[in-house]
Amino acid sequence: NQTVTTVHHPRAAMPADAVLINANENPLGPCKAACDIIAAIAPKGGRYDIDGETGKLTKTFAEQNNIPEDHIMVYAGSSEPLHFSVLAFTSPSKSFVTADPSYEAGMRAAMVTKAKVVKVPLTKTYAHSRDMATADPNAGVIYICNPNNPTGTITSREDIDYILANKPAGSILLIDEAYIHLSDGQSAMEHVAAGKDVIILRTFSKIYGMAGIRCGLALGRPDLLAKMQPYGQNAMPITGSAAANVSLLDTDLVPTRKKIIASTRNDTFAWLTANKYDFIPSQSNCFMINTGRNGKSVITAMQQEKVWIGRTWPVWPNTVRVSVGTPAEMAKFKVAFKKVMDAPAT
Ligand code: PLP
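According to the numbering used here, the sequence shown is numbered sequentially starting from 186.
Below, the structure is given as structure tokens:
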């Protein structure tokens, strides 16, 4: 009775002019340097990574973040190391501790190891709770998504440091920084350099706009990274590694894109406030709206208006996640959302 979840969104199933603000993608796509190197390198794709593109990426990231190269593993996105780290560090006797609501991929990996899943509610300010440190003395992985998906809210470094200092011996903190560059939150990277029980995940799918190109990183002590290796090793697509490397080397990219996405997000928040809709202020490229009615019915009604918004989470069935698209897409979102909310709840 297994259901298979897919993470692709086939365009064929939607109208050609559908607005897709359902998967926290970046409408800006890969930067120009990334597109250029992808085109230039494609003819070399008949071989494995003969020119060492993945090594170049590792070197750049190590230099920019002051961590040794052997603390970096490159994957085709961060989904793999997220899955592998939960497989490696949880078991029927080592639980998976997560915030609720948070990104659920780790929970799905915990189903494979038959680990207990311990859900700790977000705080009143939608941060991860310090209670996560002591939620289970047999914790294997404590997963912190910062900023959190779906709320887009930050957990402070003080809170992360508290959880790290007070967690059970033998557990690891898995800190998912997929959205960190979109926010004013502080990375926990220093803990990687300091050799703590921390694995940080980064992805090029979000601010770097490479969800369809695929590149992500696991960062941690070599002995922690080595424990993940038996669960899967693969050659990187040279296009993913090379595009990620040049994206890192473009130092204007992150601040420029952070500003563009924040501007569209804040314009949307001003509109939601003016119209008295109840939303959670986010620092990321997604945010949540409490619709005050069944969220799934709102999602379906929005699709009738050709706007695909994100999903609900079981703990908040009336609240939907919306990704930040282009200004033109958010203009269509506003019209559709007002129409849907002005109609009687079904
Ligand atoms: N972590 C978080 C919090 C995410 O939201 C996502 C994707 O939406 C991922 C990890 C996985 O992304 P990818 O495999 O594209 O790096």
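For glycine and all other residues, C-beta sits at the position ideal for the given N, C-alpha and C.
Taking DSSP's pairing of strands, which residues face residue i in a bridge?
{"i": "Ala-403", "result": "Met-258 and Leu-386"}
{"i": "Asn-171", "result": "The structure shown does not extend to residue 171, since the chain spans only 186 to 531, so no value can be given for it."}
{"i": "Ile-360", "result": "Ile-329 and Ile-385"}
{"i": "Ala-324", "result": "Ser-280"}
{"i": "Trp-498", "result": "Trp-501"}
{"i": "Trp-493", "result": "Leu-205"}
Compute the Euclidean distance between the alpha carbons of residue i and residue j, then round it to the nearest angstrom.
{"i": "Val-302", "j": "Ile-329", "result": "14 Å"}
{"i": "Asp-236", "j": "Val-305", "result": "46 Å"}
{"i": "Asn-186", "j": "Ala-300", "result": "Per-residue confidence for Asn-186 stands at a pLDDT of 43, beneath the threshold of 50, marking its modelled position as unreliable; the derived number appears in the next sentence. So the alpha carbons of these two residues sit roughly 20 Å apart."}
{"i": "Gly-262", "j": "Asp-452", "result": "30 Å"}
{"i": "Asp-344", "j": "Leu-359", "result": "14 Å"}
{"i": "Ile-464", "j": "Thr-504", "result": "The identity of residue 464 in the sequence shown is Phe, whereas the question assumes Ile. Their backbone Cα atoms lie some 9 Å apart in a straight line."}
{"i": "His-376", "j": "Lys-352", "result": "14 Å"}
{"i": "Thr-441", "j": "Pro-322", "result": "43 Å"}
{"i": "Val-509", "j": "Met-258", "result": "30 Å"}
{"i": "Gly-397", "j": "Ser-390", "result": "7 Å"}
{"i": "Ala-201", "j": "Phe-518", "result": "16 Å"}
{"i": "Gly-325", "j": "Arg-293", "result": "15 Å"}
{"i": "Lys-443", "j": "Pro-407", "result": "31 Å"}
{"i": "Thr-245", "j": "Leu-272", "result": "29 Å"}
{"i": "Lys-523", "j": "Asn-209", "result": "22 Å"}
{"i": "Gly-230", "j": "Met-421", "result": "11 Å"}
{"i": "Asn-460", "j": "Thr-388", "result": "35 Å"}
{"i": "Cys-220", "j": "Asp-361", "result": "26 Å"}
{"i": "Val-500", "j": "Asn-207", "result": "19 Å"}
{"i": "Tyr-347", "j": "Ser-341", "result": "10 Å"}
{"i": "Gly-394", "j": "Gly-477", "result": "33 Å"}
{"i": "Lys-381", "j": "Pro-529", "result": "53 Å"}
{"i": "Ala-320", "j": "Val-282", "result": "7 Å"}
{"i": "Ala-312", "j": "Lys-241", "result": "36 Å"}
{"i": "Met-515", "j": "Gln-418", "result": "40 Å"}
Apply the 10 Å Cβ neighbour rule to residue i and answer buried if 16 or more other Cβ atoms are within range, or exposed otherwise.
{"i": "Ala-295", "result": "buried"}
{"i": "Val-204", "result": "buried"}
{"i": "Ala-411", "result": "exposed"}
{"i": "Tyr-260", "result": "buried"}
{"i": "Gln-468", "result": "buried"}
{"i": "Asn-331", "result": "buried"}
{"i": "Glu-254", "result": "exposed"}
{"i": "Thr-458", "result": "exposed"}
{"i": "Val-483", "result": "buried"}
{"i": "Pro-266", "result": "buried"}
{"i": "Ser-278", "result": "exposed"}
{"i": "Thr-424", "result": "buried"}
{"i": "Tyr-239", "result": "The sequence shown places Thr at residue 239, not Tyr. Thr-239 is buried by the Cβ-count criterion."}
For residue i, report the span of its beta strand (DSSP E) as first-last.
{"i": "Lys-304", "result": "302 to 306"}
{"i": "Ser-280", "result": "280 to 285"}
{"i": "Val-297", "result": "Element bounds for Val-297: not the beta strand (DSSP E) but the alpha helix (DSSP H), 290 to 298."}
{"i": "Leu-205", "result": "204 to 206"}
Where do the N-terminal and C-terminal ends of the alpha helix (DSSP H) with residue i fall, by residue?
{"i": "Ile-392", "result": "Premise fails: Ile-392 is in no alpha helix (DSSP H) and is neither H nor E."}
{"i": "Ile-345", "result": "342 to 351"}
{"i": "Lys-244", "result": "238 to 250"}
{"i": "Asp-221", "result": "217 to 226"}
{"i": "Thr-588", "result": "Past the edges of the chain, shown from 186 to 531, lies residue 588, and the structure says nothing about it."}
{"i": "Ala-521", "result": "512 to 527"}
{"i": "Glu-375", "result": "374 to 378"}
{"i": "His-268", "result": "264 to 274"}
How about residue i: is its Cβ closer than 8 Å to a heavy atom in the ligand FMN?
{"i": "Leu-438", "result": "The ligand FMN is absent from the structure shown, which contains only the ligand PLP."}
Pocket of the ligand PLP (residues with CB nearer than 6 Å to any heavy atom), chain order
Asn-209, Gly-262, Ser-263, Ser-264, Leu-267, Tyr-288, Cys-330, Asn-334, Asp-361, Ala-363, Thr-388, Ser-390, Ala-396 and Gly-401
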